[in-house]
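Below is one structure, written out as structure tokens; the observations come after it.
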Ligand code: FES
Ligand code: FES
């Protein structure tokens, strides 16, 4: 197998990258494009810290072959605030002390965004379900669930999108 | 076969830091030309908020705004010595070192301000908003920024301070074993209600209520974050997490998150906590340590609640469904035999 050129859109920018055989989307995002909000907690689908959106769907970038993202629109945490302004979902994480070491945070925010994009007014159980693929070793989850509840409320008050 | 409920509690005395060999931490603070203060530490912020807490302590002692403090942590090659982030010690040890360094830096700052204002440093006070003025005469004032400029470019002086906190080792009385083993102790009590399914052995933690005594809270939101996070860790250790069979087997443990079970958001009960504040004499602004003890109470409280629910005596963790079903089998066998 040989190196290969693929094209994809990342955070609204067209990118052409050369990938090695079996490279993951995580490799491309973290190592080639230096989007280090994409974390690597386990590299095997167990922690959710590498969560990104691929064509609007929540994906574990460590389990996604880069080749499969050819032509796709990929969004990482960096893509949420292209203007450098913190978006309401991030603001809710800040206000609820929903990050301690912060290693899970980028993946949590992406999972929460995916949830709120398809269900802007989730119940507590739906939030818990929506975050069930993401581990946190620090916060005890309660502040994170509260942050997503607050973000959902803020969005319904303003009628905006999650980001 | 049924679902049965039980209640358990546990109480903790938790010493802050160690004493053997002294357990020291040092701090250096210097003022920049812009009038900010850099607090240099080798202490590590694990996410508990140490940098926030040290910035609060430095700002309070220097008498300058919180926003003007920059805390540089965690370079053990170049930073002043810190024994480490463990034993719930850093707020107390590093905090005390920062108080000492900030006192010295404040003194240097007021000396320069005194020259600018033609007043004795003892007659000056800070307003906490970035100004220094003569006591009782608010108009005779200079900004901290002006002091920084004058020190750097006028007088050629550093505005800096050093702090070293060291609790000396306490010798042990060979007869009685008596010694002074810690600087201060925090206290806690946790009460837990569980529901146990006697058919599957599954345990649900329904409710967890704790009361903590942690000295003066330097930052109550961060203290709460530690307590809620620690409650989750306690549930994990009590019910799920294990690297068994462990030593001496060499290929034991689960090696990935699929096999190393831990609770998720759905396993978290509502955690209620009350915090009592009895400032510690030895603490920076009365603070004690809170980080590690928050896991220690929930674990025995959960095991006690399970024992209470089932009328058994389980003494190991984690209390997995297998442990529960075996305990119930044993109880039945004893009743039958
Ligand atoms: S790094 Fe992808 S799930 Fe852990
Ligand atoms: S904040 Fe540390 S893992 Fe979630």
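Protein chains in written order, with our numbering: chain A, 30 to 192; chain B, 3 to 339.
Glycine included, every Cβ here is placed at the ideal spot set by N, Cα and C.
Taking 9 Å as the threshold (beta carbon to beta carbon), is residue i in contact with chain B?
i	result
residue 84 of chain A	no
residue 122 of chain A	no
residue 70 of chain A	yes
residue 154 of chain A	yes
residue 130 of chain A	yes
residue 80 of chain A	no
residue 39 of chain A	no
residue 171 of chain A	yes
Output the boundary residues of the alpha helix (DSSP H) element that contains residue i.
i	result
residue 199 of chain B	From DSSP, residue 199 of chain B is part of no alpha helix (DSSP H) but of the beta strand (DSSP E) over 187 to 199.
residue 302 of chain B	300 to 312
residue 329 of chain B	323 to 338
residue 12 of chain B	Note, residue 12 of chain B: premise wrong, no alpha helix (DSSP H); beta strand (DSSP E) at 5 to 17.
residue 153 of chain A	153 to 159
residue 72 of chain A	Residue 72 of chain A -> no alpha helix (DSSP H), and no H or E assigned at all.
residue 166 of chain A	No alpha helix (DSSP H) holds residue 166 of chain A; DSSP gives it neither H nor E.
Could you confirm whether any beta carbon from chain A is found closer than 9 Å to the beta carbon of residue i?
i	result
residue 138 of chain B	no
residue 211 of chain B	no
residue 230 of chain B	yes
residue 51 of chain B	yes
residue 223 of chain B	yes
residue 273 of chain B	yes
residue 295 of chain B	no
residue 97 of chain B	no
residue 43 of chain B	no
residue 235 of chain B	yes
residue 227 of chain B	yes
Assuming residue i is part of the beta strand (DSSP E), what are its boundary residues?
i	result
residue 88 of chain A	86 to 89
residue 82 of chain A	80 to 83
residue 94 of chain B	No beta strand (DSSP E) contains residue 94 of chain B, which is instead part of the alpha helix (DSSP H) from 92 to 119.
residue 181 of chain A	Residue 181 of chain A -> not in any beta strand (DSSP E); alpha helix (DSSP H) instead, spanning 171 to 187.
residue 28 of chain B	27 to 33
Which residues in chain B sit within 7 Å of residue i, going by Cβ to Cβ distance?
i	result
residue 174 of chain A	267
residue 167 of chain A	49 and 231
residue 57 of chain A	Per Cβ cutoff of 7 Å: no residues; residue 57 of chain A is ~23 Å from chain B at best.
Can you pull the chain A residues whose beta carbon is under 7 Å from the beta carbon of residue i, in chain order?
i	result
residue 259 of chain B	71, 75, 76 and 164
residue 291 of chain B	The contacting residues do not exist; residue 291 of chain B stays about 16 Å from chain A at best.
Cβ closer than 8 Å: which chain B residues qualify as neighbours of residue i?
i	result
residue 116 of chain A	By Cβ distance, chain B contributes nothing, its closest Cβ being about 22 Å from residue 116 of chain A, past 8 Å.
residue 161 of chain A	266, 267 and 268
residue 157 of chain A	266, 267 and 268
Rounded to whole angstroms, how far is the Cβ of residue i from the Cβ of residue j, which I believe are closer than 8 Å?
i	j	result
residue 33 of chain A	residue 96 of chain A	7 Å
residue 295 of chain B	residue 190 of chain B	6 Å
residue 81 of chain B	residue 43 of chain B	6 Å
residue 59 of chain B	residue 14 of chain B	That belief does not hold up - the Cβ atoms of residue 59 of chain B and residue 14 of chain B are roughly 25 Å apart, past 8 Å.
residue 57 of chain B	residue 46 of chain B	Residue 57 of chain B to residue 46 of chain B, Cβ: 15 Å. No contact.
residue 55 of chain A	residue 90 of chain A	4 Å
residue 89 of chain B	residue 299 of chain B	That pair is no contact at about 16 Å.
Chain A partners of residue i, CB-CB under 9 Å?
i	result
residue 264 of chain B	164 and 166
Note down, in chain order, every chain A residue with its Cβ under 8 Å from the Cβ of residue i.
i	result
residue 204 of chain B	The premise fails here: residue 204 of chain B is roughly 17 Å from chain A at the closest Cβ pair, so nothing lies under 8 Å.
Less than 8 Å separating the Cβ of residue i from some heavy atom of ligand 3?
i	result
residue 119 of chain A	Absence of ligand 3 from the depicted structure is noted, with ligand 1 and ligand 2 being the only ligands included.
Verify the CB distance criterion: does residue i have a CB-CB separation below 9 Å to chain D?
i	result
residue 318 of chain B	The structure shown contains no chain D; its protein chains are A and B.
Practice task
Could you name the residues whose beta carbon sits closer than 6 Å to any heavy atom belonging to ligand 1, keeping them in chain order?
Solution key: Taking every residue with its beta carbon within less than 6 Å of a heavy atom belonging to ligand 1 gives, in chain order, A/69, A/70, A/71, A/72, A/74, A/75, A/76, A/77, A/78, A/79, A/89 and A/91.
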